[in-house]
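> Structure in structure tokens, see below.
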Amino acid sequence: MTTVLLTGFEPFGGDRANPSGDAIREVAATWSGPEELVVEVLPVTFAGAAGRLRELIGIHRPDVVLATGLAGGRAAVGVERIAVNLVDARIPDNEGDQPIDEPSIVGAPPAAFATVPVKAIAARIRDAGIPAEVSHTAGTFVCNHVFFTALDAVPEGAVAGFVHVPWATGQAPAAEPDRPGSPELPLADIVEALRIAVRTTLDGAANPASETVTGDLPGGTLH
Ligand code: PCA
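So the sequence shown is residues 576 to 798, counted in my numbering.
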């Protein structure tokens with residue numbers, strides 16, 4: 576049985592909501608298989624999140640690990656291409672920890688590439704009419720830490736990736752005189768984008784040559 580581990584995050588930074596957690600619950604509620612889908616909402620803590628992810632990978636031995644989180648301020652779903660071995664927290668996590676300039680995993684290489692087909696995922700999400708892009712930084716907070724951990728912990732032969740999502744409609748913090756409001760996407764679009772990300776990864780795993788179809792699309796940035 577093919578198993579997919581899909582994670583999201585709880586709210587953090589004083590926010591009331593986190594669309595990644597809401598969306599993965601909805602993906603699970605509407606999942607019709609045939610693969611087994613395991614979902615879990617992770618804590619936004621450096622101490623807890625990566626350890627829990629390793630535990631889940633050990634229990635379920637997934638073929639695909641897709642972690643997701645909120646990137647408030649982004650307008651498009653971001654399929655992350657690179658995890659860096661760096662923690663530099665601009666704000667405290669949900670336990671008040673704020674590690675600065677530490678490795679995500681001591682002794683590991685400086686960075687790792689996602690092993691899910693990032694360009695194919697972004698292209699298929701866009702084909703569904705939902706804004707999506709390949710992103711080249713997942714930041715240096717808990718999301719990047721979990722992404723880097725997923726790539727380190729994933730079982731031999733399995734793949735891992737990370738998808739950042741914008742705010743869901745009605746959830747972004749209100750605009751202030753010195754700060755514009757953040758872009759939002761309907762939660763249903765975020766749910767659909769994550770479903771497409773999982774399905775595209777499963778299709779890619781079943782047919783590795785399929786990535787070449789979108790592998791030569793430009794997906795980089797000039798700066
Ligand atoms: N976003 C944060 C952590 C949890 C989340 O949903 C991040 O991008 O690091």
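Every residue, glycine too, gets a C-beta built ideally from N, C-alpha and C.
1. Buried or exposed: Val681, going by 16 or more other Cβ atoms within 10 Å of its Cβ?
2. In three-state terms, what does DSSP make of Gly623?
3. Please tell me whether, using a cut-off of 6 Å, the distance from the CB of Leu645 to the nearest non-hydrogen atom of the ligand PCA is below it.
4. What span of residues does the alpha helix (DSSP H) with Ser710 cover, start to end?
5. Considering only the beta carbon of each residue, do Ser595 and Gly644 sit closer than 7 Å?
6. Identify the continuous alpha helix (DSSP H) that holds Ala603 and give its terminal residues.
7. Give me the residue from Leu792, Arg636, Pro618 and Arg629 with the minimum Cα distance to Met576.
8. Please list the terminal residues of the continuous alpha helix (DSSP H) segment that includes Leu580.
9. Is there at least one non-hydrogen atom of the ligand PCA closer than 6 Å to the beta-carbon of Phe688?
10. Exposed or buried, His711, counting other C-beta atoms within 10 Å across all chains shown (16 or more means buried)?
11. Please name the residue or residues paired with Gly644 in a DSSP beta bridge.
12. For Phe722, verify whether its CB is less than 6 Å away from any heavy atom of the ligand PCA.
Let me lay it out:
1. exposed
2. helix
3. yes
4. Ser710 -> not in any alpha helix (DSSP H); beta strand (DSSP E) instead, spanning Ala707 to Ser710.
5. yes
6. Pro594 to Ala604
7. Arg636
8. That residue, Leu580, is in no alpha helix (DSSP H); its beta strand (DSSP E) goes Thr578 to Phe584.
9. no
10. exposed
11. His739
12. no
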